[in-house]
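> Protein chains in written order, with our numbering: chain A, 5 to 362; chain B, 65 to 283.
Virtual Cβ for every residue (Gly too), placed ideally from N, Cα, C.
Okay, here's the structure, questions in a sec.
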């Protein structure tokens with residue numbers, strides 16, 4: 005708990021979930037590698053160093069006082085553990101250099117990752133345990149888990165995968181199944197570490213594939229993954245980047261308890277469409293507002309989000325629309341939290357409207 | 065009964081929209097065998113089909129997978145028809161775009177879509193690929209005598225590299241020679257304005273409209 009708040013994040017979530025009084029709405033600027041800036045580390049130092057990753061994420065939580073810690077460096081950890089080649093720039097977020105395989109014939113050579121031995125997974129698990137040990141009583145610590153379809157795209161390359169969806173759907177299912185088996189094993193290890201898996205399936209966005217293709221290649225695998233996690237009594241947050249309006253219902257059908265919505269989608273629309281089924285999380289633009297905007301613009305954007313969705317039947321978590329860029333200014337992250345604190349609870353939406361339309 | 069010319073162009077266009085590479089190839093070969101003008105077959109067949117595919121993409125009936133397969137069919141036909149273009153059609157000076165993903169980023173699906181749609185709209189494209197240092201955009205644009213430099217990124221970490229391309233053009237007094245356009249997930253109109261780019265588009269079809277505008281081609 006930071007000096008500004010009256011409740012710990014865990015207390016706040018529990019009370020909020022029961023409809024009881026809280027000091028403010030939950031707020032999650034999705035801090036990823038920006039945490040390196042808190043402890044004076046370089047982003048590539050996180051590679052193979054669970055202790056540092058935990059230290060940085062805990063320090064960032066303490067610095068800003070937000071409501072969820074997410075152990076995350078990039079979306080490629082599971083694909084890397086299955087053979088994809090990831091490039092680690094010295095001080096920027098890693099990116100995919102080369103998929104694990106290039107043709108359908110090579111699928112047979114792939115094995116689901118072992119989370120305790122392969123790639124960076126053991127180090128991420130170590131970071132999760134350490135963060136839980138340090139602050140797990142007061143704040144939920146989540147472990148980033150990449151969805152099967154997205155991992156499949158990193159295994160064979162995105163363009164190859166999306167062509168195969170139409171030319172050889174069986175091969176895509178084979179890849180998604182392999183990715184799912186790896187994801188299930190990793191999810192189990194994350195849960196065993198005392199953490200909650202937090203799901204991202206970036207490539208399922210309708211910016212890339214159609215709702216029908218999501219239904220065939222994304223949703224079934226996500227559903228099995230979510231079911232597995234919910235069976236261990238953890239509520240799952242599902243994030244899909246970019247446009248998602250046409251698949252919100254299907255995202256809910258996976259069993260996820262919370263949808264994290266990108267700034268390419270609209271919170272008011274999401275509330276109207278699926279707000280009685282899921283909590284919503286979002287959606288201040290990570291690039292245009294959080295990275296490039298001023299604190300005043302951040303505050304205005306927060307007020308707009310709250311105005312749109314504070315009365316969402318299943319609740320709202322004020323958040324960035326996606327992970328924050330590494331160089332997001334601290335004062336903008338502070339501004340997000342401060343704006344939520346100023347708004348307080350219960351929310352008086354009439355004041356908000358004046359504030360952000362002014 | 066053999067198709068008349070109009071029917072053949074329509075069938076070519078349909079093969080592209082229908083993502084049917086083999087039929088596009090067969091029809092292109094038939095056009096060549098029958099001595100049908102290659103330029104017309106490309107324009108009224110393949111390019112027309114890709115235009116329709118782009119419209120379906122804009123109306124969200126088609127998504128990236130469909131658009132890629134349409135382009136596979138278009139390129140199959142182009143490979144067959146292009147060698148048969150009349151000299152004046154083949155050597156006609158066309159508006160030229162140098163395109164690539166800036167250094168530090170390897171996400172290139174967005175760039176590839178823009179490239180495909182521009183090519184289908186009759187522009188000359190020099191595709192540098194991904195993870196391209198700023199100076200290479202400048203050098204290539206000069207060497208190719210290009211009209212436009214198109215920069216793409218999905219990552220915020222690499223946005224500064226876009227500004228650097230513009231700056232390098234300025235410091236070498238080349239800024240007036242090329243239009244610079246930018247796009248990709250984290251990019252906005254405000255960012256484009258701030259780095260003094262000449263344009264921003266938020267989708268592949270809009271990138272085509274932007275290039276047409278800059279080229280003075282009726283949309």
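Have a look at 18(A), 99(A), 74(A) and flag the residue whose alpha-carbon is nearest the alpha-carbon of residue 243(A).
Measuring from the Cα of residue 243(A), the nearest candidate turns out to be 74(A).
> Can you check which of these residues, 236(B), 212(B), 239(B), 130(B), is closest to residue 85(B) by C-alpha distance?
Nearest C-alpha to residue 85(B): 130(B).
> Would you report the Cα separation of residue 89(B) and residue 132(B), rounded to the nearest angstrom?
Taking the straight line joining both Cα atoms gives about 16 Å.
> Does the beta-carbon distance from residue 275(A) to residue 312(A) come in below 8 Å?
Going by C-beta atoms, residue 275(A) is nearer than 8 Å to residue 312(A).
> Quick one: residues in its chain with C-beta nearer than 6 Å to the C-beta of residue 99(A), no 5 flanking neighbours on either side, listed in chain order?
So the qualifying residues of the chain are 91.
> Where in the segment 140-215 of chain A do unbroken runs of the beta strand (DSSP E), each at least 3 residues long, occur, reported from the N-terminal end onward?
Runs found: 144-150, 200-204.
> Given this structure, state the Cα-to-Cα distance separating residue 318(A) from residue 120(A), to the nearest angstrom.
Going by the C-alpha atoms only, they are around 36 Å apart.
> Use the C-beta contact count for residue 3(A): other C-beta atoms within 10 angstroms, 16 or more gives buried, fewer gives exposed.
There is no way to answer for residue 3(A), as the model of chain A reaches only from 5 to 362.
> Provide the residue span of the alpha helix (DSSP H) that contains residue 214(B), from first to last.
Residue 214(B) -> not in any alpha helix (DSSP H); beta strand (DSSP E) instead, spanning 212-216.
> Where does residue 71(A) fall in DSSP's three states?
Reduced to three states, the DSSP call for residue 71(A) is coil.
> Is there contact here, the segment 129-148 of chain A with the segment 198-211 of chain A, by at least three beta-carbon pairs under 8 Å?
Yes, the segment 129-148 of chain A touches the segment 198-211 of chain A.
> Can you find a C-beta in chain B that's less than 8 Å from the C-beta of residue 35(A)?
Not closer than 8 Å to any Cβ of chain B, the Cβ of residue 35(A) fails to qualify, so no.
> Does the structure place the segment 167-178 of chain B close enough to the segment 201-209 of chain B that three or more beta carbon pairs sit under 8 Å?
Touching, no, given that fewer than three Cβ pairs across the two stretches are closer than 8 Å.
> Less than 8 Å between C-beta atoms, sequence neighbours within five positions excluded: which residues of the same chain meet that for residue 274(B)?
Correct list, in chain order: 245, 263, 264, 265.
> Quick check on the burial criterion: 16 or more other C-beta atoms within 10 angstroms. Buried or exposed for residue 89(A)?
With fewer than 16 other Cβ atoms within 10 Å, it is exposed.
> Would you check if the distance between the CB atom of residue 187(A) and the CB atom of residue 155(A) is smaller than 8 Å?
Taking 8 Å as the Cβ cut-off, residue 187(A) and residue 155(A) qualify as a contacting pair.
> Taking contact to mean at least 3 C-beta pairs separated by less than 8 Å, is the segment 250-260 of chain A in contact with the segment 170-190 of chain A?
Touching, no, given that fewer than three Cβ pairs across the two stretches are closer than 8 Å.
> Between which two residues does the alpha helix (DSSP H) holding residue 98(B) run?
Per DSSP, residue 98(B) belongs to no alpha helix (DSSP H) and is neither H nor E.
> Suppose the cutoff is 6 Å on Cβ atoms and the five residues either side in sequence are ignored; what does the same chain contact list for residue 152(A) look like?
Closer than 6 Å at Cβ, skipping near neighbours: 180, 183, 184, 187, 225.
> Under the DSSP definition of a beta bridge, which residues are partnered with residue 31(A)?
322(A).
> If you measure between the beta carbons of residue 141(B) and residue 76(B), is that distance less than 8 Å?
Yes, they are a contact pair.
> Quick one: does residue 250(B) have its CB under 8 Å from some CB of chain A?
For residue 250(B), the answer is yes, since a Cβ of chain A falls inside 8 Å of its Cβ.
> For residue 191(A) versus residue 233(A), is the C-beta distance shorter than 8 Å?
Contact flag set, yes.
> Three or more beta-carbon pairs under 8 Å between the segment 280-290 of chain A and the segment 316-334 of chain A, yes or no?
Touching, per the Cβ criterion.
> Just to make sure I have the definition right: I need the residues of chain A whose C-beta is within less than 9 Å of the C-beta of residue 285(B). Which are they?
No answer is possible for residue 285(B): it lies beyond the span of chain B, which begins at 65 and ends at 283.
> Counting C-beta neighbours from all protein chains within 10 Å, is the total for residue 141(A) 16 or more, i.e. buried, or is it exposed?
So residue 141(A) counts as exposed.
> List the residues of chain A that residue 173(B) touches, going by C-beta distances under 7 Å, in chain order.
The answer, in chain order, is 162, 163.
> Would DSSP call residue 57(A) helix, strand or coil?
Residue 57(A): helix per DSSP, three-state reduction.
> Quick check on DSSP: helix, strand or coil for residue 240(A)?
In the structure shown, residue 240(A) sits in coil (DSSP, three-state: anything other than H, G, I, E or B).
> Any idea if residue 362(A) is buried or exposed, counting beta-carbon neighbours within 10 angstroms, 16 or more meaning buried?
Confidence in residue 362(A) is poor, its pLDDT being 48 and thus under 50, which makes the residue's placement too unreliable to answer from.
> In whole angstroms, give me the CA-to-CA distance for residue 5(A) and residue 226(B).
With a pLDDT of 43 at residue 5(A), under the threshold of 50, the modelled position of that residue is not reliable, and the figure given next carries that caveat. So the alpha carbons of these two residues sit roughly 41 Å apart.
> Under 8 Å, do residue 149(B) and residue 102(B) count as touching if we go by C-beta distance?
Yes, the Cβ-Cβ distance between residue 149(B) and residue 102(B) is below 8 Å.
> So what does residue 264(A) bridge to, in DSSP terms?
Answer is 243(A), 285(A), bridged to residue 264(A).
> Express the C-alpha separation of residue 271(A) and residue 265(A) in angstroms, rounding to a whole number.
Rounded to the nearest angstrom, the two C-alpha atoms are 7 Å apart.
> Mark residue 350(A) as exposed unless 16 or more other C-beta atoms lie within 10 angstroms of its C-beta, in which case mark it buried.
So residue 350(A) counts as exposed.
> Against chain A, which members of the segment 95-122 of chain B pass a CB distance test of less than 7 Å?
From the segment 95-122 of chain B, no residue has a Cβ closer than 7 Å to chain A.
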